[in-house]
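Q: So that you can map any letter, position 12 of the sequence shown is 1374 in this note's numbering, and since no number is skipped, the others follow by simple counting.
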Amino acid sequence: TIERIVEKELGRPISSVFRSFDRTPLASASVAQVHAAALASTGEEVVVKVLKPGVRDVLQADLGFLYISARVLGFLSPALERSSLVDLVEEIRRSMLGELDFRLELQNLETFREFLVANDLTSIAAAPRPFKEVSSEQVLVMERFRGVPLTDLDGIRGYSTNPEATLISALNVWALSVRNCEIFHADVHAGNLLVLKDGRVGFIDFGIVGRVPPSIWKALERLGSSFVTNDSLGMAQALIEMGATDKEVNEERLAADVSSILARLTSLEPELRLRRDDTGGVDMQVDFDEVQVTELLLDIVRAAEDNGLKLPREFALLVKQALYFDRYNRVLAPNLDPLRDLRVDLGLVRSGAVIDV
1363 TIERIVEKEL GRPISSVFRS FDRTPLASAS VAQVHAAALA STGEEVVVKV
1413 LKPGVRDVLQ ADLGFLYISA RVLGFLSPAL ERSSLVDLVE EIRRSMLGEL
1463 DFRLELQNLE TFREFLVAND LTSIAAAPRP FKEVSSEQVL VMERFRGVPL
1513 TDLDGIRGYS TNPEATLISA LNVWALSVRN CEIFHADVHA GNLLVLKDGR
1563 VGFIDFGIVG RVPPSIWKAL ERLGSSFVTN DSLGMAQALI EMGATDKEVN
1613 EERLAADVSS ILARLTSLEP ELRLRRDDTG GVDMQVDFDE VQVTELLLDI
1663 VRAAEDNGLK LPREFALLVK QALYFDRYNR VLAPNLDPLR DLRVDLGLVR
1713 SGAVIDV
């Protein structure tokens, strides 16, 4: 049982750690499940993330086979060896195996919380406080956040007087972390971005994070600016600057490939879904097609590789998050132009720029 896993990991009876522990998970995914609890020492509400039994062995075997297969394919086909296939597989393998050690996620939480404090962002954003003394490799105890997903349109209005400003806060904080924090959140789908009861943006689940090396930062800045303005040639030039290549790249051909991808992106629209709440009322949420987001990302990678570029592994993580924020922008603030609006700063959150949350 989950209780036995927790007791084995912490080396003590569960009753000595938690005043209460709900056996029914609040949430469950392929790797872990999350339970509500209250600390025995203070009574504080927390959530307990527990690694599912047997997950480690299965993932290590499957991902190891996937990585070896990619290396063999690269050896057999020089074209694949020059592509980003092996790097992408290794990034997936590294990220997923990293998710199995909750001590790493605890460190990520502490790093991000320190970043919020150092940049005076705690009034607009938050990350859960981890409890290191009652956490382990397979158990992570964190402060419980209460709020609604960033895509819950009706729920957001209950906690924020200005959903557009809330989105801007989320975007500014995340973008600043890419530049100024040791890590950035690399999985900002709606379930991991909350609007809290006090109006702040809550970043949760730091199992997948990214790090941007200084060597590609300028190219990423140019790529982001070009993406916002649908400048396919600018994106092509940024991709060339960022990627490794052993031959001359045709900018116009790459720009044409990128332009077709941007056309697909602008034609996609999130779906609005009505959901009946616990009181019998109806609220509105936004559905995002994860498959479409991933396909767009892969299309960009393919376009680069077809033109002889091998993109760094950090690129995939960043672009996927940018696609998520673009979706949120369309729903929460369809009239917002992130590049020209003075409240939006993709490199620095201006003091006092976003206060109406």
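Yeah, the Cβ is synthetic: ideal placement off N, Cα and C, and Gly gets one too.
If you run the structure through DSSP and keep just helix, strand and coil, what is LEU1704?
A: The answer is coil: DSSP assigns LEU1704 none of H, G, I, E or B.
Q: Is there contact here, the stretch 1574 to 1584 with the stretch 1554 to 1565, by at least three beta-carbon pairs under 8 Å?
A: No, because fewer than three Cβ pairs between the stretch 1574 to 1584 and the stretch 1554 to 1565 fall closer than 8 Å, the two stretches do not touch.
Q: Label LYS1370 either buried or exposed according to how many other C-beta atoms from any shown protein chain fall within 10 Å of its C-beta, with 16 as the threshold for buried.
A: Per the 10 Å Cβ criterion, exposed.
Q: Taking the alpha carbon of SER1539 as the point to measure from, which residue in THR1473, GLY1416, VAL1496 and ARG1366 has its own alpha carbon closest?
A: Of THR1473, GLY1416, VAL1496 and ARG1366, the residue nearest in Cα terms is THR1473.
Q: Is the distance from the Cβ of THR1528 to the Cβ of LEU1694 below 9 Å?
A: Yes; because the gap between Cβ atoms is below 9 Å, this pair is in contact.
Q: Can you confirm whether the stretch 1530 to 1539 touches the stretch 1481 to 1496 when touching is taken to mean that 3 or more C-beta pairs between the two stretches lie within less than 8 Å?
A: Counting Cβ pairs under 8 Å, three or more are found: they touch.
Q: When the Cα atoms are used, what is the spatial distance from ARG1508 to ALA1598?
A: Cα-Cα distance, rounded: 42 Å.
Q: For LEU1658, collect the residues of the same chain with a Cβ closer than 7 Å to its Cβ; drop the 5 residues on either side in sequence, then sort them by chain order.
A: The answer, listed in chain order, is ILE1623, ARG1626, LEU1627 and LEU1685.
Q: State the CB to CB distance for the pair LEU1673 and ALA1666, rounded to an integer number of angstroms; the pair is presumed to be in contact (CB under 8 Å).
A: Between ALA1666 and LEU1673 the Cβ distance is about 5 Å, and since that is below 8 Å, they are a contact.
Q: Using C-beta distances below 6 Å, list every residue in its chain close to GLU1544, excluding the 5 sequence neighbours before and after it, in chain order.
A: Excluding positions up to five away in sequence, the list reads THR1473.
Q: Hey, quick one: how far does the alpha helix (DSSP H) through VAL1479 stretch, first residue to last?
A: First-last of the alpha helix (DSSP H) with VAL1479: 1464 to 1480.
Q: ALA1389: buried (16+ other C-beta within 10 angstroms of its C-beta) or exposed?
A: Burial call: exposed.
Q: The beta strand (DSSP E) with LEU1511 in it runs from where to where?
A: According to the sequence as given, residue 1511 is Pro; it is not Leu. Segment 1509 to 1511, the beta strand (DSSP E) holding PRO1511.
Q: So, with DSSP's three-state summary, where would you put LYS1580?
A: In this structure, LYS1580 counts as helix in the three-state DSSP scheme.
Q: Under 6 Å Cβ to Cβ from HIS1397, same chain only, skipping five residues before and after it: list those, please.
A: Contacts found: ASP1384, PRO1387 and VAL1410.
Q: How is the beta strand (DSSP E) around SER1382 delimited, first residue to last?
A: Taken as a continuous stretch (DSSP letters only), the beta strand (DSSP E) holding SER1382 covers 1380 to 1383.
Q: Rank VAL1503, ILE1518 and MET1504 by C-alpha distance to the C-alpha of VAL1510 and give the top, closest one.
A: Minimum Cα distance to VAL1510 is reached at ILE1518.
Q: Could you check the C-alpha separation between GLU1614 and ASN1470 for me, to the nearest Å?
A: GLU1614 and ASN1470: Cα-Cα distance of roughly 41 Å.
Q: Note down, in chain order, each residue of its chain lying with its Cβ closer than 6 Å to the Cβ of GLU1476, except the 5 sequence neighbours on either side.
A: Around GLU1476: no qualifying Cβ.
Q: Expressed to the nearest angstrom, what Euclidean distance is found between the alpha-carbon atoms of VAL1379 and PHE1493?
A: Answer to the nearest angstrom: the Cα atoms are 11 Å apart.
Q: Assign VAL1505 to one of three DSSP states: helix, strand, or coil.
A: Residue identity check: residue 1505 is Glu in the sequence provided, not Val. In the structure shown, GLU1505 sits in a strand (DSSP, three-state: E or B).
Q: Just list the residues that DSSP pairs ALA1394 with in beta bridges.
A: Note: ALA1394 sits in a beta bridge opposite LEU1413.
Q: What does the alpha-carbon distance come out to for the pair LEU1636 and LEU1512?
A: Because the pLDDT at LEU1636 is just 49, under 50, the model does not fix this residue reliably, and the point stays unresolved.
Q: I need the DSSP call for ILE1717, collapsed to helix, strand or coil.
A: With a pLDDT of only 36 at ILE1717, under the threshold of 50, the placement of this residue in the model should not be trusted; the figure read from the coordinates follows. Looking at ILE1717 - three-state DSSP - the assignment turns out to be coil, as it is neither helix nor strand.
Q: Three-state secondary structure (DSSP) at ALA1389?
A: Strand at ALA1389.
Q: Closest by CA to ALA1548, which one among GLY1569, LYS1559 and ASP1482?
A: The candidate whose alpha carbon is nearest that of ALA1548 is GLY1569.
Q: Roughly how many angstroms lie between the CA atoms of VAL1368 and MET1504, to the nearest whole one?
A: So the two alpha carbons sit approximately 14 Å from each other.
Q: By DSSP, does PRO1525 sit in helix, in strand, or in coil?
A: If DSSP states are grouped into helix, strand and coil, PRO1525 belongs with the helices.
Q: Tell me, to the nearest whole angstrom, how far the beta carbon of SER1382 is from that of ALA1399; I am working on the premise that it is less than 8 Å.
A: Confirmed, Cβ separation roughly 6 Å.
Q: Just to confirm the assignment, what range does the alpha helix (DSSP H) spanning GLY1605 have?
A: Per DSSP, GLY1605 belongs to no alpha helix (DSSP H) and is neither H nor E.
Q: Would you kindly report the start and end of the unbroken alpha helix (DSSP H) that includes PHE1677?
A: Segment 1675 to 1694, the alpha helix (DSSP H) holding PHE1677.
Q: Exposed or buried, VAL1711, counting other C-beta atoms within 10 Å across all chains shown (16 or more means buried)?
A: In this predicted model, VAL1711 has a pLDDT of only 35, less than 50, meaning its place in the structure is not dependable enough to derive any value.
Q: Skipping 5 residues on each side, what residues in its chain have a beta carbon closer than 7 Å to that of PHE1677?
A: These residues qualify, in order along the chain: MET1604.
Q: Name the two residues that bound the continuous beta strand (DSSP E) containing VAL1557.
A: VAL1557 -> beta strand (DSSP E) spans 1555 to 1558.
Q: What is the rounded straight-line gap between the Cα of PRO1576 and the Cα of ILE1364?
A: Distance between the alpha carbons of PRO1576 and ILE1364: 43 Å.
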